[in-house]
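Beneath this line is the structure, given in structure tokens, with notes to follow.
Number of protein chains: 2
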Amino acid sequence: MAAELNQLCPRFEKAIELLSKRWTTLIVYRLLDGPRRFMDIEGSLSNLSGKVLSERLKELEEAGIVLRTVYPEKPVRIEYSLTDMGRGLAPLMDDIQGWATRWIKIEQEQS
Amino acid sequence: MAAELNQLCPRFEKAIELLSKRWTTLIVYRLLDGPRRFMDIEGSLSNLSGKVLSERLKELEEAGIVLRTVYPEKPVRIEYSLTDMGRGLAPLMDDIQGWATRWIKIEQEQS
DNA sequence: CTCACAAAATTACTTTATGTAACCGAGTAT
DNA sequence: ATACTCGGTTACATAAAGTAATTTTGTGAG
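In order, the protein sequences belong to chains P and C. Using full-length UniProt numbering, the letters of the first sequence correspond one by one to residues 1 to 111. Using full-length UniProt numbering, the letters of the second sequence correspond one by one to residues 1 to 111.
Right, dumping it as structure tokens:
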């Protein structure tokens, strides 16, 4: 019956909703290096299917994080890049990297 | 046929795998305020089911992020709290909050 | 001890999200 | 025309998450 005592900040909630979807963070991470084509992203993240990549890119474009650019060249070329909003996620990635380096242990196979 | 050109840091990958699971970040966020009981976490995050909360807490405990403490009181009390590793995620949360405040727009209902 | 109670977890079942692979469509090259 | 590439979708199969009932564990009442 009682409402939640501690409401979350709606922006924070929205951000989490976006970022904690499977693959989203890794796609953004890949795009931090620069613009990439559909194929390149798909090929660089194993187990990521074209179907889901397509969905995620649409969501990210809709959210203003990713920009889709069509280059009308010989074979038309489509590139995905980060907007300022997307590049604003860089410090976040650094935090994750830093935290992971400090705390995550990778298990070596025992021979 | 060709292997991926840019391998991800395994620690980074592991961190993302942990943190980008649905609910994980929000559970950790709630625990940043201090220890909480199962019921309290469940009640404070709408749509989070007890089943998944149970799974996530086990994963987080396994990963060393969350500590489960049993207090043998009148009705036994079980509290979940963050370890140092878990508290190490605080800056990340702050970054997300900062990014969200800067970039996320919340749509108001039009009357 | 047996019964009832409460919180923490689990189980069975339904719904949603993701993975797989085949296919479409536009543009080029042969 | 034929075949090939890239971006994208569709149909179908599997895995993850939501719902609600149930079990477990430990208390206290009788």
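All C-beta atoms in this analysis are idealised placements derived from N, C-alpha and C, irrespective of residue type, glycine included.
Which word fits residue i, buried or exposed, when buried means at least 16 other C-beta atoms lie within 10 angstroms of its C-beta?
| i | result |
| --- | --- |
| Ile106/P | exposed |
| Leu70/C | The question names Leu, but residue 70/C in the sequence shown is Val. Exposed, by the Cβ-count rule. |
| Asp94/C | exposed |
Just to confirm before moving on: does the CB-CB distance between residue i and residue j stay below 8 Å?
| i | j | result |
| --- | --- | --- |
| Ala15/C | Trp99/P | yes |
| Val66/P | Leu53/P | no |
| Arg77/C | Arg37/C | yes |
| Leu60/P | Thr25/P | no |
| Trp96/P | Leu92/C | According to the sequence provided, residue 96/P is Ile. The question's Trp does not apply to it. Cβ atoms of Ile96/P and Leu92/C: closer than 8 Å. |
| residue 126/C | Ile104/P | Past the boundaries of the shown model lies residue 126/C; chain C is included only from 1 to 111, so the question cannot be answered. |
| Ser20/P | Arg87/C | no |
Which first and last residues belong to the beta strand (DSSP E) in which residue i is found?
| i | result |
| --- | --- |
| Glu79/C | Arg77 to Leu82 |
| Arg102/C | No beta strand (DSSP E) holds Arg102/C; the alpha helix (DSSP H) holding it covers Ala90 to Trp103. |
| Leu67/C | Val66 to Tyr71 |
Which stretch, first to last residue, makes up the alpha helix (DSSP H) that contains residue i?
| i | result |
| --- | --- |
| Leu57/C | Gly50 to Ala63 |
| Pro10/C | Pro10 to Leu19 |
| Asp40/C | Phe38 to Ser44 |
| Ile106/C | Neither: Ile106/C is in no alpha helix (DSSP H) and is coded neither H nor E. |
| Arg30/C | Thr24 to Leu31 |
message = Below 8 Å, how does it come out for the segment 6–21 of chain P and the segment 31–50 of chain P: are there three or more Cβ pairs, yes or no?
response = no
ask   = Hey, is the segment 30–45 of chain C in contact with the segment 79–90 of chain C, meaning 3+ C-beta pairs nearer than 8 Å?
value = yes
task = Select from the segment 12–29 of chain P all residues with a C-beta closer than 9 Å to any C-beta belonging to chain C, and list them in chain order.
result = Phe12, Glu13, Lys14, Ala15, Ile16, Leu18, Leu19, Ser20, Lys21, Arg22, Trp23, Thr24, Thr25, Leu26 and Tyr29
query = Relative to chain C, which residues along the segment 89–107 of chain P have a C-beta separation below 7 Å, given in chain order?
reply = Leu89, Pro91, Leu92, Asp95, Ile96, Gln97, Trp99, Ala100, Thr101, Arg102, Trp103, Ile104 and Ile106
Interface positions of the segment 68–87 of chain P facing chain C (Cβ-Cβ less than 8 Å), listed along the chain = Met85
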